[in-house]
Amino acid sequence: MTTLTERSRRAVWHPCSQMKQLETQPLLGIARAEGPWLIDTGGKRYLDGISSWWVNLFGHNHPHIVAAMTEQLGRLSHVMLAGCTHEPVVELSERLGVLTGLGHAFYASDGASATEIALKMSAHSWRNHGRPGKHRFIGLEHGYHGETVGALSVTDIPIFREAYGPLVRVSATVPSPDARGAAPGESAADHARRCAAVLGAYLDQHHAEVAAFIVEPLVQCAAGMAMHDAEYLRQVRALCDRYEVHLVVDEIAVGFGRTGTMFAHQQAGIRPDLICLSKGLTGGTLALSAVLCTDAIYDAFYDDRTARGFLHSHSYTGNPLACRAALATLEVFGQRDWLAHNRTTAARLSALSEPIAQHPRVTASRQLGMIWAFDVATDDPTFAQRYHAAALERGLMLRPIGSTLYFMPPYVLDDEATAWLASNALAALEATA
Numbered sequence: 015m016t017t018l019t020e021r022s023r024r025a026v027w028h029p030c031s032q033m034k035q036l037e038t039q040p041l042l043g044i045a046r047a048e049g050p051w052l053i054d055t056g057g058k059r060y061l062d063g064i065s066s067w068w069v070n071l072f073g074h075n076h077p078h079i080v081a082a083m084t085e086q087l088g089r090l091s092h093v094m095l096a097g098c099t100h101e102p103v104v105e106l107s108e109r110l111g112v113l114t115g116l117g118h119a120f121y122a123s124d125g126a127s128a129t130e131i132a133l134k135m136s137a138h139s140w141r142n143h144g145r146p147g148k149h150r151f152i153g154l155e156h157g158y159h160g161e162t163v164g165a166l167s168v169t170d171i172p173i174f175r176e177a178y179g180p181l182v183r184v185s186a187t188v189p190s191p192d193a194r195g196a197a198p199g200e201s202a203a204d205h206a207r208r209c210a211a212v213l214g215a216y217l218d219q220h221h222a223e224v225a226a227f228i229v230e231p232l233v234q235c236a237a238g239m240a241m242h243d244a245e246y247l248r249q250v251r252a253l254c255d256r257y258e259v260h261l262v263v264d265e266i267a268v269g270f271g272r273t274g275t276m277f278a279h280q281q282a283g284i285r286p287d288l289i290c291l292s293k294g295l296t297g298g299t300l301a302l303s304a305v306l307c308t309d310a311i312y313d314a315f316y317d318d319r320t321a322r323g324f325l326h327s328h329s330y331t332g333n334p335l336a337c338r339a340a341l342a343t344l345e346v347f348g349q350r351d352w353l354a355h356n357r358t359t360a361a362r363l364s365a366l367s368e369p370i371a372q373h374p375r376v377t378a379s380r381q382l383g384m385i386w387a388f389d390v391a392t393d394d395p396t397f398a399q400r401y402h403a404a405a406l407e408r409g410l411m412l413r414p415i416g417s418t419l420y421f422m423p424p425y426v427l428d429d430e431a432t433a434w435l436a437s438n439a440l441a442a443l444e445a446t447a
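Residues 15 to 447 in this note's numbering are what the sequence shown spells out, letter by letter.
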């Protein structure tokens, strides 16, 4: 009988994959999930150490979120948001406005679409202000903000962008404040200030044509969990104010508690002009993204003329079921102090992971909130694939980024699951390295 994974290989084009490799690296067929665990079609359990691409906050099939979605499904599953509205989208927008200090949430279904919306919103608002020359963007070296064509323009990872070069209007990039790039004796904060000075020099020359600067605050995830000091965000906020440039924070992966605060940029004490949210927004249940902005940006579109409106749209914009899942996720946050709980979990996992940090093949270890990363000294281009396979053998779902091993688990790890993650991650490293 043909297996589920064989059927999938024949019928499904899997993301971020070379399909030919699936002939020798079989897919993992998942039948169900509970808490931090995935269960395959044979009944084997795997700890989801990366929250299924960073989306799952409170474990799979969280009963409160499932109950809310079930109730909403019987009431209203979808209605177009053009000319209509509904309670879940209004309440969610109100809640996100309170959490972010920004307003008028605009919805899509994924992070890349949120990036597209933020970039278009920024450039269009300048146009409406009579400054159409401000239509270019700046991103960070090794930055990642999605893989649609507009998002690729501010994504600086060659493997994702090079094949589509003719389609992409590449934006300017400035040095990453990645603390690993600090000079000997230089603090992470000093390195951040030095990198910000480069941005300042660029803006001094080109601010008249720059609409926005986009950054993943504190952690550049796809760049191998590159972490930087919050001083960089403070410097950038001041520069954007000085040169009249929008600051876009991409909190798609780092928002909703991942870095130790509800949103990463809050650790710098700043407010962005636009914020992109997705992934953890629905607790790992349904696809949803949102962009919120300042009143000044919103007001630039408020006019009698339709052409001055923001006419971007998606068929499932503000989907009621997804919005109810997001509201339920925020309600779970209110059921206990999860940020305090995560500090306890993080301390425990950091202590248990010390043998990995001290491993002779690990050249750098770092941790922020519920994100851990370890750089492995290897020239083997197949390290990530081999490590992934070794981890699966030990009941652990981890996918290194190049030679960087990382954890970004759900917040519901108990003592047993935390020990499982640390011990089996080390065993897989020893087997691979």
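Beta carbons: idealized from backbone N, C-alpha and C, even for Gly.
When C-beta atoms of the segment 283 to 298 are compared with those of the segment 249 to 269, three or more pairs fall below 8 Å, so the two segments count as touching. The Cβ-Cβ distance between Ile311 and Leu295 does not fall below 8 Å. Taking C-beta separations shorter than 8 Å and ignoring five residues to either side along the sequence, the partners of Arg59 in its chain run Trp51, Leu52, Ile53 and Gly409, following chain order.
In this structure, Phe397 lies away from Ile370, with their beta-carbon atoms at least 8 Å apart.
DSSP places Asp62 inside the beta strand (DSSP E), whose first and last residues are Arg59 to Asp62.
Annotation: Leu217 to Val262 spans about 15 Å, alpha carbon to alpha carbon. Here Asn333 has His92 as same chain residues with Cβ atoms under 6 Å from its own Cβ, once five neighbours each way along the sequence are excluded. For Ala447, same chain residues with a beta-carbon under 7 Å away, outside a window of 5 residues either side, are Arg375, Val390 and Thr392 in chain order. Here Val259 is buried, its C-beta having at least 16 other C-beta atoms within 10 Å. Here Pro40 has Thr19 as same chain residues with Cβ atoms under 6 Å from its own Cβ, once five neighbours each way along the sequence are excluded.
Between Ser66 and the set Leu435, Ala436 and Met422, the nearest pair of CA atoms involves Met422. Under DSSP, Ala304 forms a beta bridge with Tyr121 and Leu291. Under the three-state reduction of DSSP output, Ser364 falls in the helix class. Two segments are said to touch when three or more pairs of C-beta atoms, one from each, lie closer than 8 Å; by this definition the segment 360 to 368 does not touch the segment 108 to 125. For Phe270 and Met384, the gap between their C-alpha atoms comes out near 11 Å. If the five residues before and after Leu232 are omitted, its C-beta is found closer than 7 Å to the C-beta atoms of Met241, His242, Ala244, Val268, Thr273, Ala278, Gln281 and Leu382, all from its own chain and listed in chain order. Per DSSP, the continuous alpha helix (DSSP H) segment holding Gly164 begins and ends at Val163 to Leu166. With contacts defined as CB atoms closer than 8 Å, Val229 and Leu154 qualify as a contacting pair.
Per DSSP, Phe151 lies in no alpha helix (DSSP H); the unbroken beta strand (DSSP E) holding it starts and ends at Arg150 to Leu154.
The criterion of a C-beta distance shorter than 8 Å is not satisfied by Gly298 and His138. With respect to the 8 Å criterion, Ile152 and Val224 are classified as neighbours on the basis of their beta carbons. Bounds of the beta strand (DSSP E) holding Asp389 are Ile385 to Val390.
Going by C-alpha positions, Thr275 is about 26 Å away from Ala439. The Cβ atoms of Ala45 and Tyr158 do not sit closer than 8 Å to each other. Within the same chain, and ignoring the five residues on either side of Val346 in sequence, the residues whose Cβ sits closer than 6 Å to its Cβ are Phe72 and His78. The beta carbon of His76 is closer than 7 Å to those of Gly297 and Val346 in its chain, skipping five residues each way along the sequence. A residue is called buried once 16 or more other Cβ atoms fall within 10 Å of its Cβ, and Ser201, having fewer, is exposed. Its chain contains Leu412 and Ala442 as the residues whose beta carbon lies nearer than 6 Å to that of Ala405, once the 5 sequence neighbours on both sides are disregarded; these appear in chain order. Secondary structure within the segment 382 to 439: the alpha helix (DSSP H) runs of 4 or more consecutive residues, fully enclosed, are 397 to 407 (chain order). Here Arg338 is buried, its C-beta having at least 16 other C-beta atoms within 10 Å. For Asp54, the uninterrupted beta strand (DSSP E) run begins and ends at Trp51 to Asp54, by DSSP. Going by DSSP, Asp264 is part of the beta strand (DSSP E) stretching over His260 to Asp264. Taking a C-beta distance under 8 Å as the contact criterion, Arg150 and Ser185 qualify as a contact pair. By the Cβ-count criterion, His355 is exposed, with fewer than 16 other Cβ atoms from all chains shown falling within 10 Å of its own Cβ.
For Leu42 and Tyr401, the gap between their C-alpha atoms comes out near 15 Å. Around the beta-carbon of Tyr246, 16 or more other beta-carbon atoms lie within 10 Å, marking it buried.
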